[in-house]
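Q: Note that the sequence shown covers residues 1 to 728 in UniProt numbering.
Positions of the beta carbon are idealized from the N, C-alpha and C atoms, including for glycine.
Being a predicted model, the structure only gives us computed values, none of them experimental.
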Amino acid sequence: MDQVLQYNFGYLPPKSGLTSDLPLSYLASKRSSLFGIADKARQGLKKHKPNGHSEAAVLEQRCIDLVRVLAADMVQQANSGHPGAAMGCAPIAHQLWAKVMRYSPKEPKWANRDRFVLSNGHACALQYCMLHLTGYDLSIEDLRQFRQLGARTPGHPENHVTPGIEVATGPLGQGISNAVGLAMGEAHLAATFNKDGFNLVDHYTYVICGDGCLQEGLSSEASSLAGHLRLGKLIVFYDDNKIQIDGGTDLAFTEDVCKRYEAYGWQTIDVLDGDSDYTTLAEAIAAAKKETMRPTLIKVTTTIGFGSLKAGTAGVHGAPLGHADLAQLKRNAGFTETDFFCVPSDVAEAYTKAGEAGHASKVAWDSLFAKYAEAYPELAAEFSRRQARALPEGWKDHLPRWTPEDKALATRQSSQLVLNKLAECIPELMGGSADLTTSNLTKFKGALDFQSSTPDGRYIRFGVREHAMAAICNGLFAYGGIIPFCATFLNFTGYALGAMRVSSLSEFGVITVATHDSIGLGEDGPTHQPVESLLNFRATPNTLTLRPADANEVSGSYMVALEHRHTPSVIALSRQGVPNLAGSSVEMVAKGAYVVQQCSAAAQLTFVGTGSEVQLLIDATKGLDIDVNVVSMPCWELFDAQPYAYRCKIFPSGIPVLACEALAAEGWSKYAHCVIGMRSFGASGPAKEVQKKFGFTVEQVQAKARELLAFYSSRPVPNLLERLDAAP
1 MDQVLQYNFG YLPPKSGLTS DLPLSYLASK RSSLFGIADK ARQGLKKHKP
51 NGHSEAAVLE QRCIDLVRVL AADMVQQANS GHPGAAMGCA PIAHQLWAKV
101 MRYSPKEPKW ANRDRFVLSN GHACALQYCM LHLTGYDLSI EDLRQFRQLG
151 ARTPGHPENH VTPGIEVATG PLGQGISNAV GLAMGEAHLA ATFNKDGFNL
201 VDHYTYVICG DGCLQEGLSS EASSLAGHLR LGKLIVFYDD NKIQIDGGTD
251 LAFTEDVCKR YEAYGWQTID VLDGDSDYTT LAEAIAAAKK ETMRPTLIKV
301 TTTIGFGSLK AGTAGVHGAP LGHADLAQLK RNAGFTETDF FCVPSDVAEA
351 YTKAGEAGHA SKVAWDSLFA KYAEAYPELA AEFSRRQARA LPEGWKDHLP
401 RWTPEDKALA TRQSSQLVLN KLAECIPELM GGSADLTTSN LTKFKGALDF
451 QSSTPDGRYI RFGVREHAMA AICNGLFAYG GIIPFCATFL NFTGYALGAM
501 RVSSLSEFGV ITVATHDSIG LGEDGPTHQP VESLLNFRAT PNTLTLRPAD
551 ANEVSGSYMV ALEHRHTPSV IALSRQGVPN LAGSSVEMVA KGAYVVQQCS
601 AAAQLTFVGT GSEVQLLIDA TKGLDIDVNV VSMPCWELFD AQPYAYRCKI
651 FPSGIPVLAC EALAAEGWSK YAHCVIGMRS FGASGPAKEV QKKFGFTVEQ
701 VQAKARELLA FYSSRPVPNL LERLDAAP
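1) When you compare only the Cα positions, how much space is there between Ser-25 and Leu-182?
2) Suppose contacts are defined by Cβ-Cβ distances below 8 Å. Is Gly-135 in contact with Pro-105 by that definition?
3) Counting pairs of beta carbons, one from the region 438-451 and one from the region 410-430, are three or more of them closer than 8 Å?
4) What ranges does the alpha helix (DSSP H) occupy inside the region 625-690, keeping only unbroken runs of at least 4 residues that lie completely in it?
5) Give me the residue from Ala-539, Leu-521, Leu-66 and Ser-504 with the minimum Cα distance to Ala-125.
6) Give me, in chain order, the residues of the same chain whose beta-carbon lies closer than 6 Å to that of Gly-358; leave out the 5 immediate sequence neighbours on both sides.
7) Of all the options Glu-689, Ala-726, Arg-679 and Asn-332, which has the alpha carbon lying nearest to the alpha carbon of Tyr-644?
8) Enumerated in chain order, which unbroken segments of the beta strand (DSSP E) with a length of 3 residues or greater are wholly contained in the region 98-163?
9) With burial defined as no fewer than 16 other Cβ atoms inside 10 Å of the residue's Cβ, what is the status of His-94: buried or exposed?
10) What does the Cβ neighbour count give for Ile-140, buried or exposed, with the cut at 16 atoms within 10 Å?
11) Return the first residue and the last residue of the beta strand (DSSP E) that Val-464 is part of.
12) Report buried or exposed for Asn-79, applying the criterion of at least 16 other Cβ atoms within 10 angstroms of its Cβ.
13) Helix, strand or coil, according to DSSP, for Pro-400 in the structure here?
14) Alpha helix (DSSP H) containing Val-531: first to last residue?
15) Alpha carbons only, please: which of Lys-704, Val-464 and Ser-308 is nearest the one belonging to Gly-84?
16) Taking just the CA atoms, how far does Thr-352 sit from Ala-324?
17) Let's see if you can read the secondary structure: which residues bound the alpha helix (DSSP H) around Gly-212?
18) Considering just the uninterrupted stretch of the alpha helix (DSSP H) at Cys-258, what are its terminal residues?
19) So, helix, strand or coil for Cys-599, using DSSP?
20) The alpha helix (DSSP H) with Cys-89 in it runs from where to where?
21) Contact between the region 672-683 and the region 648-660: three or more CB pairs below 8 Å?
22) Between the alpha carbons of Ser-555 and Pro-400, how many angstroms are there, rounded?
23) In the DSSP assignment, the beta strand (DSSP E) including Asp-238 goes from what residue to what residue?
24) Let me know the beta strand (DSSP E) ranges lying completely inside the region 544-601, each 3 residues or longer, listed in chain order.
25) Out of curiosity, what's the CA-to-CA distance linking Asp-524 and Ala-641?
26) Taking just the CA atoms, how far does Ser-276 sit from His-53?
27) Within 8 Å, do at least three Cβ pairs link the region 313-324 to the region 244-261?
28) In the DSSP assignment, the alpha helix (DSSP H) including Gly-305 goes from what residue to what residue?
29) Helix or strand or just coil, what does DSSP make of Ile-426?
30) Based on the DSSP output, what are the partners of Val-608 in its beta bridges?
31) Tell me the residue span of the alpha helix (DSSP H) that contains Phe-369.
32) Can you tell me the Cα-Cα spacing of Lys-649 and Ala-499, whole angstroms?
33) Considering only their Cβ atoms, is the gap separating Val-589 from Val-560 smaller than 8 Å?
34) Using DSSP with H/G/I as helix, E/B as strand and the rest coil, what is Tyr-712?
35) For my contact list, Arg-458 and Ala-434 are in at a C-beta cut-off of 8 Å; report their separation, rounded to the angstrom.
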């Protein structure tokens, strides 16, 4: 094996004159040089019972070595995965799970648990190992099934699949940003519920992240806000292993990360030897916990794939070690080479005790909560209701309703009125805007800002940070006891799509308020006028896309969003005023589509639209010598979920359908035989002129209606609901 050091480790200086046939003893004498890093990693696992070390220190080393070996076993068994970061971060994980964190393997959702987020989610073999070893409902067989179809150990952490996983952390940067939301949740609920002598909410949020997480702009947005908010109970471990997929981080990432985080307002601590200096690592954690007014970044220099023949190289980042390398890893760690997924009894006992100690903290908290309930019964009941994600009784009675005689409002304005009422009766409703409060109209009456000095506040000033805003809301939802909402222009949800997609796959019912919803916003022009945005959300699984036609449908949209706690909702709202429709309904929004205006005779055509275009369609029926039913369709997804009989009632067989929406025309062919929609970007100008330019006028609708009726006068009308994917 000494013959392959240069090839495997890649640390020999290009002009050193050294060759790969140098003996290991020579390289061992050069530990201060770059190539010594690889030697250190290779030799480090041989310290099983060094002279002078206590039994506790020996056991600790065996525990860490076992985590490295077990993670490598998982990746080898799957022949797929990322062993390097898991092996390098094993000392950090051991410190947290064995010595620092409070958690309950028996009750993973215990409200006052410390939160742990593995932001570099590709290293999930590490987290699965810790969950199994400390007693969570994750068996050794689950570890064997790593990355297999249907396994509870998927290729990246997924919160609704594996017990003990807080948030889904596949895309880099999401996890650390979610963690900011988790820390905000802790600060808010502590300020809301804690009383003298009763620290009901009092815990930390711990994160492990890598270079990739810190290169993504998302993490910069979230970390900047975390520093501003002084989230002192947020502790992030930066795994500084100097390797990413393409090779060394010096290819693209040479900044001083600690200085950047200091500028954000964070405390920073540098642990120079994260491979074996466990004392300094423990001291860094203690120092981080003492700092109450700043989040902490602990930069831990590690060796990726510590113990592997490929340690310190990109070769150990995203591929199995190989059987020969895995064998030497086990041999040097003092384990049997031929044993796979084997946990020695002393290591198993140590981690079992750690899990039991964590559960003891939960039992002590239960006792505290019982006394709290005696002293503050109403607060205790409110806390329990929120943790159960149960809405207050009678909350729907607070939804405002409008008549046609009421003043016409932009739907963003009626949205604010709805938020005012809901905020009064749903105290867990919490959110804000990406520096567009006066445009999104999301600050509800009496709202106090959430700031470091007022953590009980429910209105969040996210700043111009759309992506972080959406990711933080995922963290707030995951935290529990909070219903988060966020807001921006519909067009600028494009900045937040990464986190919004994670909301959907995580089953987090985050509410996104997206105003300025069409080309109808006018003068700001095509950079601000959304065209494709709704189509993107409509194509995303487990997302409700709602575009209400008037104030009543706005109330209905919020009703739907709040009732679907495991499905995120996007509520698209107009800048321009819309009248209150005579046939609109709060409740019928839940059907996805309904007839808002019925003709007196048998219908010859059906008009269907969303948002402000529904009134346009109603206006177009006036003076038109055709009998037309007008359908408002605020939500495609809800309509598609209705029984086939109901869908056929809305779109009867044999009747042509004309759709109209001032956004992308694509997609409407599911329901309509002809579409008036956008097939280009918009234009800058007064709203009415822009609408006229692109054909959103009464005259155009009437002309298309006559043309459509004439086209099908001599042809059978296709029943679009009878396609294979839409049939009952």
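A: Result, derived from the coordinates:
1) Low confidence applies here, because Ser-25 scores a pLDDT of 30, under 50, leaving its location unreliable and the question unanswered by this model.
2) Yes. Within cutoff.
3) Contact between the region 438-451 and the region 410-430 is present, because at least three Cβ pairs lie under 8 Å.
4) The qualifying runs are 636-640 and 644-650.
5) Nearest in C-alpha terms to Ala-125, of all of Ala-539, Leu-521, Leu-66 and Ser-504, is Leu-66.
6) Excluding residues within five positions, the ones whose Cβ falls inside 6 Å are Arg-102, Tyr-103 and Ser-104.
7) Answer by Cα proximity: Ala-726.
8) Runs of the beta strand (DSSP E) inside the region 98-163: 115-118.
9) Here His-94 is buried: its Cβ has 16 or more other Cβ atoms, across all protein chains shown, within 10 Å.
10) Counting the other Cβ atoms within 10 Å of the Cβ of Ile-140 gives fewer than 16, which makes it exposed.
11) Premise fails: Val-464 is in no beta strand (DSSP E) and is neither H nor E.
12) It counts as exposed.
13) DSSP places Pro-400 in the coil class of the three-state scheme, outside both helix and strand.
14) For Val-531, no alpha helix (DSSP H) segment is defined, and its DSSP state is neither H nor E.
15) Ranked by how close their Cα comes to the Cα of Gly-84, the residues Lys-704, Val-464 and Ser-308 have Ser-308 in first place.
16) If I take the Cα positions, the gap works out to 31 Å.
17) Counting along the chain, the alpha helix (DSSP H) containing Gly-212 begins and ends at 211-215.
18) Its alpha helix (DSSP H) spans residues 257-264.
19) Secondary structure of Cys-599 (DSSP, three-state): coil.
20) If you look at Cys-89, you'll find it isn't in any alpha helix (DSSP H); DSSP assigns it neither H nor E.
21) As far as the Cβ criterion goes, the region 672-683 touches the region 648-660, which means the pair count is three or higher.
22) The straight-line gap from Cα to Cα measures roughly 7 Å.
23) Asp is not the amino acid found at residue 238; the sequence shown has Tyr there. Going by DSSP, Tyr-238 is part of the beta strand (DSSP E) stretching over 234-240.
24) Qualifying beta strand (DSSP E) stretches, in chain order: 544-546, 569-573 and 594-597.
25) Answer to the nearest angstrom: the Cα atoms are 36 Å apart.
26) One C-alpha to the other measures close to 13 Å.
27) Touching, yes.
28) Secondary structure note for Gly-305: it is in no alpha helix (DSSP H), with a DSSP letter that is neither H nor E.
29) In the three-state reduction of the DSSP assignment, Ile-426 falls in the coil class.
30) Val-631 and Ala-659.
31) Run containing Phe-369: 345-375, per the alpha helix (DSSP H) assignment.
32) The alpha-carbon separation between Lys-649 and Ala-499 amounts to approximately 37 Å.
33) Yes; because the gap between Cβ atoms is below 8 Å, this pair is in contact.
34) Here Tyr-712 sits in coil by DSSP.
35) Between Ala-434 and Arg-458 the Cβ distance is about 17 Å, and since that is not below 8 Å, they are no contact.
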